[in-house]
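**Student:** Residue numbers (my numbering): 30 to 245. We put the beta carbon where it would ideally sit given N, CA and C, even for glycine. Take a look at the following structure, please.
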């Protein structure tokens, strides 16, 4: 254990700020709203884990999708860190006083929603009880073990209605895809935790997932 986070996070924390951003995820010069998500590492009953939420099916955007806690940066937040912690507290009941912020990753652009998102990396120094906050926004909350995310049996590519292929994960009963799965894929690579997996395993997104995703 280092002064503020465990040894197994050391390399990731050092490399995360320099993570390359693919051209399609680079934010435009203007016209995009600033947002932040909280990448919260902890150590739960099943070992190292990450906190994820599943968004409510009733939302106008990203309905039903698993995601990192987060949202738009408000004037009173003071920047990405404040926004990520505030949103996580609102969405999961997380106590921010038990969280140590370690670093941030470069901004990523979510073209579908028009957000430029800063991933804020933190260590759950003193875990608190978490549960879905506003049921109109969050359906469930899960601490997802890294061992599930790195298990080759839980990894696949999914094909969207336009034929686009992207990484996906099956974990804690959720199909994690889209922006969140892409970010998970990147952080596993940066942290050196990724294991070889079968990239020929391709599945179409389920119709019910497509219906929710295209509701916007």
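Is there contact between the stretch 134-145 and the stretch 154-174, where contact requires at least three CB pairs shorter than 8 Å?
**Tutor:** Result no; under three Cβ-Cβ pairs closer than 8 Å.
**Student:** Apart from the five residues just before and just after residue 75, which ones in its own chain have a Cβ nearer than 6 Å to its Cβ?
**Tutor:** Counting only Cβ-Cβ distances below 6 Å, and skipping sequence neighbours, we find 174.
**Student:** If we ignore side chains and look at the alpha-carbon of each, how far apart do residue 38 and residue 180 end up?
**Tutor:** 19 Å
**Student:** Apart from the five residues just before and just after residue 186, which ones in its own chain have a Cβ nearer than 8 Å to its Cβ?
**Tutor:** 194, 195, 196, 197, 228, 230, 231 and 232
**Student:** Looking at the strands, I want to know which residues DSSP matches up with residue 198.
**Tutor:** 184 and 205, per the DSSP bridge assignment.
**Student:** Compute the beta-carbon to beta-carbon distance between residue 156 and residue 111, rounded to the nearest angstrom, for a pair I have assumed lies under 8 Å.
**Tutor:** The distance from the Cβ of residue 156 to that of residue 111 is about 21 Å, inconsistent with a contact at the 8 Å cut-off.
**Student:** I need the boundaries of the beta strand (DSSP E) containing residue 115, first residue and last residue.
**Tutor:** Here residue 115 belongs to no beta strand (DSSP E); instead the alpha helix (DSSP H) covers 109-121.
**Student:** Roughly how many whole angstroms lie between the Cα atoms of residue 96 and residue 83?
**Tutor:** 6 Å
**Student:** Looking at residue 60: is its Cβ nearer than 8 Å to the Cβ of residue 172?
**Tutor:** In this structure, the beta-carbon distance from residue 60 to residue 172 does not fall below 8 Å.
**Student:** Roughly how far, in whole angstroms, is the beta-carbon of residue 102 from the beta-carbon of residue 151, given that I think they are within contact range, below 8 Å?
**Tutor:** Rounded, the Cβ-Cβ distance is 16 Å, inconsistent with contact.
**Student:** Give a yes or no on whether the C-beta atoms belonging to residue 50 and residue 137 are separated by under 8 Å.
**Tutor:** In contact: residue 50 and residue 137 (Cβ atoms closer than 8 Å).
**Student:** Since residue 70 is in the beta strand (DSSP E), which residue starts that stretch and which ends it?
**Tutor:** 62-73
**Student:** Applying the 10 Å Cβ sphere with the 16-neighbour rule, what's the burial state of residue 257?
**Tutor:** Past the edges of the chain, shown from 30 to 245, lies residue 257, and the structure says nothing about it.
**Student:** Just to confirm the assignment: which complete beta strand (DSSP E) runs, minimum length 3, are found wholly within the stretch 118-166?
**Tutor:** 128-133, 137-139 and 144-153
**Student:** Output the distance between the C-alpha atoms of residue 129 and residue 226, rounded to the nearest integer angstrom.
**Tutor:** 32 Å
**Student:** Pull up the CB-CB distance for residue 40 and residue 221, whole angstroms please, since I reckon it's below 8 Å.
**Tutor:** 6 Å
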